[in-house]
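For the sequence shown, the numbering used here gives the first residue as 5, with consecutive numbering after it.
Quick reminder that beta carbons are idealized off the backbone N, C-alpha and C, glycines included.
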Amino acid sequence: MPRVLVVEDEEDIAFPLVRTLEREGYDVVWVDRGQKALEDLAGGATAVPADVVILDLGLPDMDGLEVCRRAREAGFGGAIMIVTARAAELDRVVGLDYGADDYVAKPFGLAELQARVRALLRRTTAVREPEPAHDGLRIDVGARRVYAGDVEVPLTGKEFDVLSILAAQRDKVVSRGRLMADVWDENWYGSTKTLDVTIGRLRQKLESVGVTEKVVAVRGVGFRLETPAP
Ligand code: CA
């Protein structure tokens, strides 16, 4: 049963959310403080790490972004979805890299939130297959970490998801639509600019540590992770 940690100090928001997620069949834990969230993620309450964290930014004891940053620093590999009532804050969240995977503005519809949780779970479980041995990139899917030799490549959640999908189809083209649907939103339509931005950053990071594989754009179709010729 997938485990969801809800970090929210307002009971009016937390109660219906927890009820809805429980009805959906998740094992839900609710905490109202950032410190308690970090303790739970460290295995304090149940010793089972959450698959998805739904994280409010305006917590009484700590900024939600700080919770996010510390959880990643401590090696938390599940998905993190940020919720905030301050819409202007979403720009800050998206612009800076705290390691969150998705963002929702309050007030949110419960159906929308459920769909997003499902999408996050699909992604984190879909890529949990063993990565074949390879000389260049090494992807630790369980820990959501990427290495070039012994050097860890620091990736955001989205960059990791894109790279995992490309790596699972190594040397084959993955369409823009598939990447958008799997990494961002199953009901996406319109611009794929956010994908291009993510691919651009991913390339820079891989190049900066001397990874020989290249993310190649295939015009009009999508992207391919190319293994260099020996
Ligand atoms: Ca709050």
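TODO: Excluding the 5 residues preceding and the 5 following residue 26 in the sequence, name in chain order all residues of the same chain whose CB lies nearer than 7 Å to its CB.
DONE: Counting only residues of its own chain and dropping the five nearest sequence neighbours on each side, residue 26 has a CB closer than 7 Å to the CB of 32.
Open item on the list: Give me the residue from 78, 184 and 156 with the minimum Cα distance to residue 165.
Closed with: Distance from the Cα of residue 165 is smallest, within the candidate group 78, 184 and 156, for 184.
Open item on the list: Using 8 Å as the threshold, is the C-beta distance between residue 78 and residue 110 below it?
Closed with: For residue 78 and residue 110, no; Cβs fall outside 8 Å.
Task: Residue span of the beta strand (DSSP E) that contains residue 109, given as start and end - done: In the DSSP assignment, residue 109 falls within the beta strand (DSSP E) that extends over 106-109.
TODO: Take residue 115 as the anchor and find which of 9, 28, 205 and 208 has the nearest alpha-carbon.
DONE: The shortest C-alpha to C-alpha distance from residue 115 to any of 9, 28, 205 and 208 is the one to 28.
TODO: Please indicate yes or no: does the CB of residue 63 lie closer than 7 Å to some heavy atom of ligand 1?
DONE: Taking the Cβ of residue 63 as the reference point, at least one heavy atom of ligand 1 falls within a distance shorter than 7 Å.
- [ ] Just tell me which of 126, 16, 206 and 207 has its CA closest to the CA of residue 112.
- [x] Ranking the options by Cα distance to residue 112, first place goes to 16.
TODO: Compare the C-alpha of residue 213 against each of 159, 188, 36 and 122 and name the closest.
DONE: In this structure, 159 is the residue among 159, 188, 36 and 122 with its C-alpha nearest to the C-alpha of residue 213.
Task: Same chain, Cβ closer than 8 Å to residue 178, neighbours up to 5 away in sequence not counted - done: In the same chain as residue 178, and ignoring 5 residues on each side of it, the C-beta atoms closer than 8 Å to its own belong to 169, 170, 226, 227 and 228, in chain order.
TODO: Report yes or no: do the stretch 32-41 and the stretch 63-75 share at least 3 C-beta pairs separated by less than 8 Å?
DONE: The answer is yes - the stretch 63-75 touches the stretch 32-41, with three or more Cβ pairs under 8 Å.
- [ ] Can you say whether residue 19 is buried or exposed, counting buried as having 16 or more other CB atoms within 10 angstroms of its CB?
- [x] Answer is exposed; the Cβ neighbour count stays below 16.
Task: residue 15 CB to nearest heavy atom of ligand 1 below 7 Å - done: Taking 7 Å as the cut-off, one finds no heavy atom of ligand 1 near enough to the beta carbon of residue 15.
Open item on the list: Let me check one thing: in DSSP terms, what residues is residue 215 bridge-paired to?
Closed with: The secondary-structure analysis by DSSP pairs residue 215 with nothing; it has no beta-bridge partner.
TODO: Mind checking who residue 151 pairs with in its DSSP beta bridge?
DONE: Per DSSP, 142 and 156.
Open item on the list: Taking the alpha helix (DSSP H) that residue 75 belongs to, which residues open and close that run?
Closed with: Start and end: 68-77.
Task: Contiguous beta strand (DSSP E) assignments of at least 3 residues, all confined to the stretch 157-231 - done: For the stretch 157-231, whole beta strand (DSSP E) runs of length 3 or above, ordered along the chain, are 177-179, 218-222 and 226-230.
Open item on the list: Let me check you understand the geometry: is the CB of residue 60 closer than 7 Å to at least one non-hydrogen atom of ligand 2?
Closed with: No copy of ligand 2 appears in this structure; the ligands present are ligand 1.
Task: Range covered by the alpha helix (DSSP H) that runs through residue 4 - done: Beyond the ends of the chain as shown, which are 5 and 234, falls residue 4; an answer cannot be given.
Task: Outcome for residue 105 when other beta-carbon atoms lying within 10 angstroms are tallied against a minimum of 16 - done: By the Cβ-count criterion, residue 105 is buried, with 16 or more other Cβ atoms from all chains shown falling within 10 Å of its own Cβ.
Task: Nonlocal neighbours in the same chain, by C-beta distance under 6 Å from residue 58, ignoring five residues either side - done: For residue 58, where only same-chain residues beyond five positions count, the Cβ hits under 6 Å are 10 and 85.
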